[in-house]
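Report on the structure given below.
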DNA sequence: GGAGAGA
DNA sequence: TCTCTCCAACGCTAG
DNA sequence: CTAGCG
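Numbering (our numbering), first residue to last: 4 to 636.
Here is the structure:
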């Protein structure tokens, strides 16, 4: 068996080669590793021949089942979308949590006494695939990397659309040659990104930051500010070029995304700048962007925003198809005038929740039907209280927005609530018909205040939001909810529990003051905070009340801020704008047992779920004076 | 999804 | 008449 | 102090 084989390296190219001489693989963002198995002993070597076996014990353990061989591949961490992510990999390594890492094997250099470096790539990969399939059929930490024969350009475009890092292309017939040659190429999705300057912040002689944009679907979209990377000289040069281009209004189509400031100047989108940046946020805004210089050779129209969140892409597509089919307004044909609870439903067949692996698509008609069916359950929790709603007229893949004021056009169904200190009345409803009307305008989530009915200034219900970090399993959240229940009972309350419709749990209690002295919001919030702080203090390893540290693993975030004036929590029985059309499901404590799967509570399952009594039916009758509990705490 | 502003 | 734009707001925390 | 996040 040969000693350490210097890895074959790829040359950077703008666009991958085409033609059937080439095959293409997804580029993984991880550590290149040579996996060597000799006499049932497996080791992993870096490209510099360092032995990193101890860092990836799970991979090494699985590899021991292989016969003598040398594999080439990449260790990577996959995020929730199945995309390799270098940040996650480093995090996993620094915390020693390597169990989720995967070795992606893409080449076989030696097998059972035979040096395969001289045989063509596709043949090596063929043997590799067979080897892994036969010897490691159940392996989870070692995977074979498929290749594709489509044109390299298409492949790169597809990879970039999916948010992948890029494409590795390889000569199908070439032997394995160590070092950087011409047989392997890599094309990155964003190498040296360019942006168009749409304005600047500062004044005629002072450049504070540049406002960047790019084209998408023919629209010029704001992409964030660039506040670093230029010096006095280049800033002066930029200003000289910007001033003649100044226009009175922004050219950005998404002006609402542009942060407001008094010293903004707009320019015609002509100048192309090269920038470097850390990442792009889900909203498409550059993070840590830095100016590298002007690209005189490029025209603004060619600067298109490629990598984009999947959801955005869908919206754009839907928008396109919508404009193509002329919209039918008054004459609403197609779906023979469906009416639910006396409310005409437009586009009843529109899928607001797309189909998923284990749940059918949920249409607007399904949503309105659910509201009608569940109105008796939902209304007691929202009637007489200000109600914020989440709307998504184009479904959960499209734009979503909160709305708290009265919805124009729906006045006849609503019971607006005046909230002191607010100009416009707040949304509130009292009837099943109004609920269905909300469904008609694509209200997917209901978030009421925790106030007493008809008294926005008096808190009556506290919600403790147990929000687990991504790596916390649901059983752990269940245990936390029981812990919280015990504490609240000890304080004299009658706690109720429901799923949030996501990965968390809500524990709710009803509270009251004494006859002449109602509880104030400040008192309610302070009390909720104290309960959570006590819990955190007792078991800091399990709980945190710190919002941002939440990202750092293993703990459950106790969110007491749900209990401030104007704050809301999702209502019992409310659907969620999440995959699968889950609902926030009220449960009797006896049903909250380990193994419970919160994703089973969905709109399609509603008929089943609505059988029997509402576990939260009596919550408002169990209000307890918080004064003794505050003293106890 | 629907209203109002703007083109 | 068609197209675009708006639809919350507040506390926390890191930088 | 503010941008970003939840």
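Positions of the beta carbon are idealized from the N, C-alpha and C atoms, including for glycine.
Predicted model, so just to flag it, every value in this text is computed and none were measured.
Are the Cβ atoms of residue 79 and residue 103 separated by less than 8 Å? no
In this structure, does DSSP put residue 191 in helix, strand or coil? strand
Given a threshold of 16 other Cβ atoms within 10 Å of its Cβ, counted over all protein chains shown, does residue 426 qualify as buried or as exposed? exposed
Report yes if the CB atom of residue 45 is closer than 8 Å to the CB atom of residue 20, and no otherwise. no
Under 8 Å between the Cβ atoms of residue 563 and residue 532? yes
Drop a sphere of 10 angstroms on the beta-carbon of residue 222, count the other beta-carbons inside from all chains shown, and report buried for 16 or more, exposed for fewer. exposed
So residue 490 is in the beta strand (DSSP E); what residue range does that whole segment cover? Segment 477-493 is the alpha helix (DSSP H) holding residue 490; no beta strand (DSSP E) there.
Which class does residue 37 belong to by DSSP, given the choice of helix, strand or coil? strand
By alpha-carbon positions, which one of 416, 355, 389 and 379 ends up nearest to residue 399? 355
Any idea what DSSP makes of residue 558, helix, strand or coil? coil
The beta strand (DSSP E) that contains residue 384, what's its start and end? Unbroken run through residue 384 is the alpha helix (DSSP H), 367-385; no beta strand (DSSP E).
For residue 393, tell me which candidate among 468, 572, 422 and 464 has the shortest Cα-Cα distance. 572
Would you grab the beta carbon distance between residue 68 and residue 138 for me? Rounded to a whole angstrom, and I think it's under 8 Å. 6 Å
Report yes if the CB atom of residue 245 is closer than 8 Å to the CB atom of residue 270, and no otherwise. yes
Could you please give me the residues that DSSP links to residue 72 through a beta bridge? 40 and 114
Is the separation between the beta-carbon of residue 39 and that of residue 10 shorter than 8 Å? no
Would you mind sorting residue 471 into buried or exposed? The rule is 16 or more other CB atoms within 10 Å of its CB. buried
Between the alpha carbons of residue 154 and residue 404, how many angstroms are there, rounded? 40 Å
Between 228, 612, 184 and 579, which lies nearest to residue 202 when the distance is taken from Cα to Cα? 228
Do the region 479-486 and the region 517-529 make contact, defined as three or more Cβ pairs closer than 8 Å? no
Stretch-stretch touch, CB-based, cutoff 8 Å, three pairs: the region 489-499 with the region 433-446: no
Whose CA, out of 13, 303 and 33, lies closest to the CA of residue 101? 33
Label residue 331 either buried or exposed according to how many other C-beta atoms from any shown protein chain fall within 10 Å of its C-beta, with 16 as the threshold for buried. At residue 331 the pLDDT is 26, less than 50, meaning the model places this residue with poor confidence; the figure from the coordinates comes in the next sentence. Classification of residue 331: exposed, given that the 10 Å Cβ count is below 16.
Anyone know if the C-beta pair for residue 307 and residue 217 falls short of 8 Å? yes
Same chain only: Cβ atoms within 7 Å of residue 156, ignoring 5 sequence neighbours per side: 18, 19 and 21
Backbone CA spacing between residue 343 and residue 372 [nearest angstrom]: 7 Å
Here's the rule: buried if 16 or more other CB atoms are within 10 angstroms of the residue's CB, otherwise exposed. What is residue 105? buried
Within this structure, are the beta carbons of residue 348 and residue 443 separated by less than 8 Å? yes
Cβ contact (3+ pairs, closer than 8 Å) linking the region 454-469 and the region 602-618: no
Can residue 108 and residue 170 be called in contact, C-beta distance under 8 Å? no
From the DSSP output, in three-state form, read off residue 628 for me. strand
Measure the alpha-carbon distance for residue 29 versus residue 23 and round it to whole angstroms. 17 Å
Based on the DSSP secondary-structure assignment, which residues constitute the bridge partners of residue 468? 509 and 562
Cα-Cα separation, residue 213 to residue 267: 10 Å
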